[in-house]
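Okay, so the sequence shown: first residue is 1 according to full-length UniProt numbering, each after it adds one.
Think of the CB as a built atom: it goes at the ideal place given N, C-alpha and C, for glycine as much as any other residue.
Everything numeric in this text was worked out from a predicted model, so none of it was measured.
The block underneath contains the structure these notes are about, expressed in C-alpha cells.
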Amino acid sequence: MNLAPVIVFAYNRPHYLEETLLALKCNKETKESDLFIYCDGPKITADENTLALIKQVRQLAHQISWAKNVYVVEAEGNKGLSRSVITGVTEVVNKYGRVIVLEDDLVVGPHFLQYMNDALEKYDGETEVASISGHNFPISNEFNKETLFLRSATTWGWATWKGSWDLFNPDAEELMNLINEQGLVYEFDFNGTYPFYSLLKKVKNGKISSWGVCWYASIFLNKKLTLFPFVSMVKNIGMVGTNINSDSTRFLGDSYYNGTIAEFEHVIKENPAFRAALIAHFKANKGKVFTLVNLKKVFSKLIKKTI
1 MNLAPVIVFA
11 YNRPHYLEET
21 LLALKCNKET
31 KESDLFIYCD
41 GPKITADENT
51 LALIKQVRQL
61 AHQISWAKNV
71 YVVEAEGNKG
81 LSRSVITGVT
91 EVVNKYGRVI
101 VLEDDLVVGP
111 HFLQYMNDAL
121 EKYDGETEVA
131 SISGHNFPIS
141 NEFNKETLFL
151 RSATTWGWAT
161 WKGSWDLFNP
171 DAEELMNLIN
181 EQGLVYEFDF
191 NGTYPFYSLL
201 KKVKNGKISS
211 WGVCWYASIF
221 LNKKLTLFPF
231 VSMVKNIGMV
241 GTNINSDSTR
251 FLGDSYYNGT
261 IAEFEHVIKE
271 NPAFRAALIA
281 HFKANKGKVF
291 TLVNLKKVFS
301 KLIKKTI
C-alpha cells in the first residue's frame with residue numbers, strides 16, 4: 001500500500017505535542033511513513049516564556065525518529081494556524097497526492113493510520129468522496145455500520161487527496177454568497193442546530209481566522225462526502241484545564257477507539273440516519289454549542305475541533 005504522509009501542526013505546546021507524537025508512533029505504519037512537523041514561529045509580541053516553549057517544541061520535533069522519515073518545517077515568524085494549515089497541506093498534498101493531517105493536541109488510537117490509509121486507498125478515484133475523518137461525535141451506533149458518509153467535513157484528524165483539496169476555497173464571502181443564493185443556509189447549519197454560517201460570517205468580517213469552516217463549505221457546495229468512523233479514532237487533549245472542558249466532552253467526546261475498522265461503506269452517498277442522529281445530537285446540546293462558540297477565549301479552539 002502507498003502510505004500517505006502525515007502532517008502534525010505545532011506551535012508552543014511541547015507537552016501536548018509529545019503526547020500526540022507518542023500516540024502516533026504507536027501506530028505500526030509510522031515505521032514506513034513520512035512525517036512532516038510544521039512548527040509555527042513566534043509573534044512579534046512573544047515574551048520569553050513563549051519563546052522558550054516554541055524552542056522546546058522544535059527540539060522535541062528533532063528529538064527522535066518519530067517515523068521512517070521526519071521533516072521539520074520551522075517558520076521564522078508567526079503564520080497562525082489557518083495559514084499554516086493551508087500552506088502545509090497544499091505543499092505536501094501537491095507532492096504526494098494524498099495526506100493525513102493532525103494538530104498538536106490530538107491523540108490517536110493505535111489503528112488510526114491503518115484506518116486512514118485503508119480508506120484513502122479504497123476511495124482513491126471516487127470523485128464523490130472528498131475526505132476521511134478520524135473523529136466522530138459521541139452518538140450511539142444504531143446504524144450497524146463501521147463507517148458512514150456525510151456531506152460535511154472535519155478538522156479533527158482528517159485526510160484528503162490533491163483533487164479534493166483543489167476544491168478548497170478560502171474566500172468566506174464568496175462561500176456565503178453561494179450558500180445564500182442556493183437557499184442552503186438551513187441545511188448548511190444542520191437544520192439550524194449548529195451556527196456554521198455564522199462562523200463563515202465571522203471569518204468574512206475578520207473576527208476569527210478559520211480555514212476549517214471554509215473547508216466544510218467547499219465540500220458542502222461541491223456536494224462531496226466525508227467518510228466517518230462509527231466511533232472516534234481520535235481524542236482531543238487541548239480542552240483540559242479550560243472552563244468548557246466538561247461541556248466539550250459531552251458534545252465532542254473524550255475517548256478514542258482502540259480497535260480496527262474492517263468494514264468500509266460501499267454505498268457512496270450520505271447516510272440520512274447518520275445525518276439525523278447528528279442533528280439530534282446538536283439539538284440536544286444546542287445550549288452548550290451556542291454558549292461555547294461565543295466564549296471568546298476558547299472560540300478558535302472549539303471551532304477547530306468541530307469542523
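query                                                                                                                                                                           : result
For a quick check, are the C-beta atoms of TYR38 and SER84 less than 8 Å apart?                                                                                                 : yes
Between which two residues does the alpha helix (DSSP H) harbouring THR20 extend?                                                                                               : 14 to 25
ILE279 by DSSP, collapsed to three states: which one?                                                                                                                           : helix
Can you tell me whether GLU29 is buried or exposed, with buried defined as 16 or more other CB within 10 angstroms of its CB?                                                   : buried
Name the two residues that bound the continuous beta strand (DSSP E) containing TRP66.                                                                                          : Premise fails: TRP66 is in no beta strand (DSSP E) and is neither H nor E.
Can you tell me the Cα-Cα spacing of LEU89 and GLU103, whole angstroms?                                                                                                         : Before going further, note that residue 89 is Val rather than Leu in the sequence given. Those two C-alpha atoms are separated by around 12 Å.
Measuring only the C-alpha atoms, how far is ASN12 from LEU81?                                                                                                                  : 12 Å
Specify whether the segment 221 to 234 and the segment 131 to 147 touch according to this definition: at least 3 beta carbon pairs, one from each stretch, less than 8 Å apart. : yes
What separation, rounded to the nearest whole angstrom, lies between the Cα atoms of GLY238 and THR155?                                                                         : 14 Å
Using the DSSP secondary-structure output, state which residues sit across from THR160 in a beta bridge.                                                                        : VAL99, SER131
From the DSSP output, read off the bridge partner residues of CYS39.                                                                                                            : ALA10, GLU74
Please report the Cβ distance between LEU150 and ARG275, rounded to the nearest whole angstrom; I am assuming they are in contact, meaning their Cβ atoms lie under 8 Å.        : 6 Å
Here's a check: name, in chain order, each residue in its chain whose Cβ is nearer than 7 Å to the Cβ of LYS204, leaving out the five neighbours to either side.                : ALA172, GLU173, MET176
From GLY41, LYS235, VAL231, pick the residue whose C-alpha is nearest to that of SER140; which is it?                                                                           : VAL231
Does the Cβ of PHE9 have 16 or more other Cβ atoms within 10 Å, making it buried, or fewer, making it exposed?                                                                  : buried
Report the residue from PHE137, SER218, GLY125 whose alpha carbon sits nearest the alpha carbon of TRP165.                                                                      : SER218
If you draw a straight line from the alpha carbon of LEU167 to that of LEU199, how long is it in whole angstroms?                                                               : 20 Å
Whole-angstrom Cβ separation of ILE100 and ALA23, contact assumed at under 8 Å?                                                                                                 : No, ILE100 and ALA23 are not in contact; Cβ-Cβ is about 14 Å, not under 8 Å.
Among TRP161, GLY97, ALA284, ILE86, whose alpha-carbon lies nearest the alpha-carbon of GLY212?                                                                                 : ILE86
What is the rounded straight-line gap between the Cα of LYS283 and the Cα of PHE190?                                                                                            : 9 Å
By how many angstroms is the C-alpha of LYS68 removed from the C-alpha of ARG98?                                                                                                : 17 Å
May I ask you to report which of helix, strand or coil DSSP gives SER246?                                                                                                       : With a pLDDT of only 44 at SER246, under 50, the local geometry of the prediction cannot be trusted, and the value read off the model is given with reservation. Note: SER246 maps to helix in three-state DSSP.
Quick check on THR147: does DSSP put it in helix, strand or coil?                                                                                                               : strand
What are the start and end residues of the beta strand (DSSP E) that includes LEU225?                                                                                           : 225 to 229
Residue range of the beta strand (DSSP E) that VAL234 falls in?                                                                                                                 : 234 to 236
Are the CB atoms of VAL70 and LEU106 within a distance shorter than 8 Å?                                                                                                        : no
Cutting at 8 Å between CB atoms, please list the residues of its own chain near THR260, excluding the five before and the five after it.                                        : HIS111, GLN114, TYR115
How many Å lie between ASN2 and LYS162 at the Cα?                                                                                                                               : 15 Å
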